[in-house]
Amino acid sequence: MLHKNLTINEKGVLCIAEQDTVELVQKYGTPLMVMDEARIRRNFSVYKNAMEKYFGQGSYPLFASKAFSCKYIYRIAKEENVGIDLVSSGELYTALSAGFDVSNAFLHGNNKTDADIEYAIESGVGHFVADNLTEIDMIDEVAKKHGKVQPIILRLSPGIDPHTHAAITTGQVDSKFGIAIETGQADDAVEYTLNKKNLRLDGFHCHIGSQIFDIKPFCDAGKLMIEYVTHVKQKFGYVTEILNLGGGFGVRYIQSQPELNYEDFIRLIASYINEEVKRSGIKKPRIIMEPGRSIVADSALTLYTVGGTKEIPGFKNYVSIDGGMPDNPRYALYQADYTVCLASRMNDKADFTCTVAGRCCESGDLIQEDVTIPKPYRGDILAVLVTGAYNYSMASNYNRIPRPAVVAIKDGKVFEVIRRETFADLIKNDL
Ligand SMILES: *Cc1c(COP(=O)(O)O)cnc(C)c1O
Numbered sequence: 000m001l002h003k004n005l006t007i008n009e010k011g012v013l014c015i016a017e018q019d020t021v022e023l024v025q026k027y028g029t030p031l032m033v034m035d036e037a038r039i040r041r042n043f044s045v046y047k048n049a050m051e052k053y054f055g056q057g058s059y060p061l062f063a064s065k066a067f068s069c070k071y072i073y074r075i076a077k078e079e080n081v082g083i084d085l086v087s088s089g090e091l092y093t094a095l096s097a098g099f100d101v102s103n104a105f106l107h108g109n110n111k112t113d114a115d116i117e118y119a120i121e122s123g124v125g126h127f128v129a130d131n132l133t134e135i136d137m138i139d140e141v142a143k144k145h146g147k148v149q150p151i152i153l154r155l156s157p158g159i160d161p162h163t164h165a166a167i168t169t170g171q172v173d174s175k176f177g178i179a180i181e182t183g184q185a186d187d188a189v190e191y192t193l194n195k196k197n198l199r200l201d202g203f204h205c206h207i208g209s210q211i212f213d214i215k216p217f218c219d220a221g222k223l224m225i226e227y228v229t230h231v232k233q234k235f236g237y238v239t240e241i242l243n244l245g246g247g248f249g250v251r252y253i254q255s256q257p258e259l260n261y262e263d264f265i266r267l268i269a270s271y272i273n274e275e276v277k278r279s280g281i282k283k284p285r286i287i288m289e290p291g292r293s294i295v296a297d298s299a300l301t302l303y304t305v306g307g308t309k310e311i312p313g314f315k316n317y318v319s320i321d322g323g324m325p326d327n328p329r330y331a332l333y334q335a336d337y338t339v340c341l342a343s344r345m346n347d348k349a350d351f352t353c354t355v356a357g358r359c360c361e362s363g364d365l366i367q368e369d370v371t372i373p374k375p376y377r378g379d380i381l382a383v384l385v386t387g388a389y390n391y392s393m394a395s396n397y398n399r400i401p402r403p404a405v406v407a408i409k410d411g412k413v414f415e416v417i418r419r420e421t422f423a424d425l426i427k428n429d430l
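The sequence shown maps to residues 0 to 430 in numbering that gives the first Met the number 0.
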């Protein structure tokens with residue numbers, strides 16, 4: 000199977016963390032997202048241990064909230080003693096509601112609203128990741144009003160193309176994110192920030208993209224950032240404390256993709272970056288990374304009930320499921336890869352090639368095209384694997400479809416972590 004926590008039991012049913020998926024569906028209904036908590040905790044601890052071991056003390060991971068933001072994940076992040084990334088007041092509110100200590104949080108975003116800045120400073124968010132000069136002005140102003148000196152780091156665009164999908168590439172100069180090094184605007188921002196009385200510049204950030212399977216773009220970006228740190232030391236006498244290298248490690252969604260060993264990845268990137276630091280003679284900054292996908296993606300799968308199949312002679316076959324783009328818009332957005340299996344009959348012969356279609360009034364509402372599974376019938380349970388990241392967090396109520404329930408498995412016990420939306424939830428804001 001694609002990941003170790005997925006198995007097939009004696010009934011030929013797909014199991015995750017040893018739980019029979021058909022039994023889970025009988026109890027909780029579909030669509031249903033199922034998470035294996037041990038896997039989430041393992042992923043956190045791999046990052047935490049490897050970063051401290053290879054980058055040195057004071058280096059640690061932040062969980063990129065946008066991959067999966069809910070109280071449950073912030074409780075785990077708190078227990079695992081890792082930091083978090085936030086991008087909005089909504090994520091901040093959720094983290095605070097879960098009792099997360101947000102002095103361990105970084106607030107991102109290419110357009111933080113005045114309200115976001117107020118709320119974050121009031122709540123004691125540890126760091127802002129500032130994206131532009133007007134924002135720097137506003138953070139300084141609000142910090143002053145609250146009698147605080149707010150630590151910030153600057154998001155820079157190092158001009159790296161990691162050759163992943165264009166929609167998830169973020170580090171190039173022509174980007175809505177960050178301040179370009181190449182154009183000299185980064186220098187202006189450093190000088191500007193150093194002159195602000197209510198800001199404390201702690202360092203720099205870059206994030207080159209997502210779903211990257213190669214260490215080279217991370218090494219290249221790291222090298223450019225170390226060169227920049229060296230440059231600002233020479234130009235402004237400024238000593239960088241924090242260097243945040245963003246997220247982006249790839250996750251195995253389909254058989255042809257590798258399963259990365261994140262400890263090895265971090266070890267290799269660290270040895271390269273540590274060497275660059277040594278060569279440049281600068282004080283070694285604390286390194287931060289911001290994994291999102293690689294913490295939660297492979298911890299989860301989504302279960303659907305099959306409505307039926309449609310065979311169009313000379314064209315293709317469709318299988319319709321009781322979910323789709325409202326709970327997983329990633330195929331519709333950027334043709335994301337997924338592995339689909341017939342969870343209720345895993346050992347039957349896979350000889351039916353089909354497109355898995357959602358139930359929305361959009362032809363683009365597909366989960367995957369050209370997958371080969373046993374021919375499904377109405378009532379069969381279909382599983383889409385590796386759905387822990389950017390599924391629930393991107394979910395919508397399109398066609399007034401309630402968001403699915405999310406259950407977690409821990410030590411052989413199953414419990415709900417997000418309840419299924421009700422029809423009453425759907426109209427609760429309608430006046
Ligand atoms: C999306 C994002 C991440 C997380 O990326 P993954 O590919 O999910 O690891 C980290 N940092 C920033 C700034 C991001 O925008």
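All C-beta atoms, glycine included, are put in the ideal place defined by N, C-alpha and C.
Alpha-carbon spacing of residue i relative to residue j, whole angstroms
{"i": "residue 214", "j": "residue 264", "result": "7 Å"}
{"i": "residue 385", "j": "residue 394", "result": "15 Å"}
{"i": "residue 53", "j": "residue 266", "result": "6 Å"}
{"i": "residue 404", "j": "residue 276", "result": "47 Å"}
{"i": "residue 115", "j": "residue 87", "result": "7 Å"}
{"i": "residue 208", "j": "residue 59", "result": "19 Å"}
{"i": "residue 174", "j": "residue 17", "result": "44 Å"}
{"i": "residue 354", "j": "residue 318", "result": "6 Å"}
{"i": "residue 189", "j": "residue 109", "result": "17 Å"}
{"i": "residue 102", "j": "residue 124", "result": "5 Å"}
{"i": "residue 364", "j": "residue 286", "result": "40 Å"}
{"i": "residue 380", "j": "residue 389", "result": "22 Å"}
{"i": "residue 14", "j": "residue 25", "result": "14 Å"}
{"i": "residue 98", "j": "residue 73", "result": "8 Å"}
{"i": "residue 105", "j": "residue 240", "result": "15 Å"}
{"i": "residue 301", "j": "residue 346", "result": "19 Å"}
{"i": "residue 111", "j": "residue 134", "result": "7 Å"}
Residue-level contact to chain D via CB, residue i, 8 Å cutoff
{"i": "residue 381", "result": "This model lacks chain D altogether, as it is built from one protein chain only."}
Ligand 1 heavy atom lying under 7 Å from the CB of residue i
{"i": "residue 230", "result": "no"}
{"i": "residue 107", "result": "yes"}
{"i": "residue 293", "result": "yes"}
{"i": "residue 262", "result": "no"}
{"i": "residue 290", "result": "yes"}
{"i": "residue 84", "result": "yes"}
{"i": "residue 144", "result": "no"}
{"i": "residue 179", "result": "no"}
{"i": "residue 432", "result": "An answer regarding residue 432 cannot be provided, because it is not within the stretch 0 to 430 covered by the chain."}
{"i": "residue 279", "result": "no"}
{"i": "residue 256", "result": "no"}
{"i": "residue 388", "result": "yes"}
{"i": "residue 210", "result": "yes"}
{"i": "residue 202", "result": "no"}
{"i": "residue 126", "result": "no"}
{"i": "residue 248", "result": "yes"}
{"i": "residue 183", "result": "no"}
{"i": "residue 245", "result": "yes"}
{"i": "residue 2", "result": "no"}
For residue j and residue i, believed in contact at Cβ under 8 Å, the rounded distance
{"i": "residue 297", "j": "residue 251", "result": "7 Å"}
{"i": "residue 33", "j": "residue 261", "result": "At roughly 23 Å, the Cβ-Cβ gap does not stay under 8 Å, so residue 33 and residue 261 are not in contact."}
{"i": "residue 289", "j": "residue 245", "result": "5 Å"}
{"i": "residue 470", "j": "residue 156", "result": "Outside the modelled stretch of the chain, which goes from 0 to 430, sits residue 470, for which no answer is possible."}
{"i": "residue 70", "j": "residue 96", "result": "6 Å"}
{"i": "residue 431", "j": "residue 151", "result": "An answer regarding residue 431 cannot be provided, because it is not within the stretch 0 to 430 covered by the chain."}
{"i": "residue 294", "j": "residue 127", "result": "No, residue 294 and residue 127 are not in contact; Cβ-Cβ is about 22 Å, not under 8 Å."}
Simplified DSSP state of residue i, which is helix, strand or coil
{"i": "residue 255", "result": "coil"}
{"i": "residue 319", "result": "strand"}
{"i": "residue 446", "result": "As shown, the chain starts at 0 and ends at 430. That puts residue 446 outside it, with no answer to give."}
{"i": "residue 332", "result": "helix"}
{"i": "residue 19", "result": "strand"}
{"i": "residue 6", "result": "strand"}
{"i": "residue 140", "result": "helix"}
{"i": "residue 61", "result": "strand"}
{"i": "residue 35", "result": "strand"}
{"i": "residue 1", "result": "coil"}
{"i": "residue 12", "result": "coil"}
{"i": "residue 415", "result": "strand"}
{"i": "residue 425", "result": "helix"}
{"i": "residue 324", "result": "coil"}
{"i": "residue 420", "result": "coil"}
{"i": "residue 43", "result": "helix"}
Cβ-heavy atom distance, residue i to ligand 3, below 7 Å
{"i": "residue 177", "result": "Ligand 3 is absent from the structure shown, which contains only ligand 1."}
> Could you give the uninterrupted runs of the beta strand (DSSP E) lying entirely in the segment 143-230, keeping only those of 3 residues or more?
Replying inline: 149-156 and 198-204
> What are the complete alpha helix (DSSP H) segments, minimum 4 residues, inside the segment 69-128?
Replying inline: 70-78, 88-96 and 113-122
> Can you list, in chain order, the stretches of the beta strand (DSSP E) that have 3 or more residues and sit fully within the segment 228-315?
Replying inline: Segments of the beta strand (DSSP E) lying fully in the segment 228-315: 241-243, 285-288 and 299-310.
> Which ranges does the beta strand (DSSP E) cover as unbroken runs of at least 3 residues, wholly within the segment 328-413, from first to last along the chain?
Replying inline: 339-341, 351-356, 365-372, 380-384 and 404-409
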